[in-house]
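Following: one structure in structure tokens, then a few remarks.
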């Protein structure tokens, strides 16, 4: 039986703000313990990177979105 010992979750997005394209990225690499539920850890890792990128975009829109 194959065992997952580690995996990486990465997510990125490009957004145009005031005519300039900005790239946002987050990545996380996890090592699993024997008792970890692989699917649960994968889901949590994915949610973590997606939410972090969304936060980065929201912060940039708040700071840069009003500039002209």
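Residue numbers (the working numbering): 6 to 73. Even for Gly, the Cβ is constructed at its ideal location relative to N, Cα and C.
With distance defined between alpha-carbon atoms, name the residue in the options nearest to residue i.
{"i": "residue 29", "options": "8, 14, 45, 57", "result": "57"}
{"i": "residue 47", "options": "60, 18, 6, 32", "result": "32"}
In whole angstroms, what separates the C-alpha of residue i from that of residue j?
{"i": "residue 124", "j": "residue 13", "result": "Nothing about residue 124 can be reported from this structure: the residues present for the chain run from 6 to 73 only."}
{"i": "residue 43", "j": "residue 50", "result": "10 Å"}
{"i": "residue 8", "j": "residue 15", "result": "21 Å"}
{"i": "residue 41", "j": "residue 10", "result": "10 Å"}
{"i": "residue 45", "j": "residue 52", "result": "11 Å"}
DSSP has residue i in a bridge; who is on the other side?
{"i": "residue 17", "result": "30"}
{"i": "residue 36", "result": "11"}
{"i": "residue 56", "result": "Its beta-bridge partners do not exist; DSSP assigns none."}
Query raised in the report: If we count Cβ pairs, one from each stretch, closer than 8 Å, do we get three or more for the stretch 63-72 versus the stretch 13-24?
Result: Yes, since at least three Cβ pairs between the stretch 63-72 and the stretch 13-24 fall closer than 8 Å, the two stretches touch.
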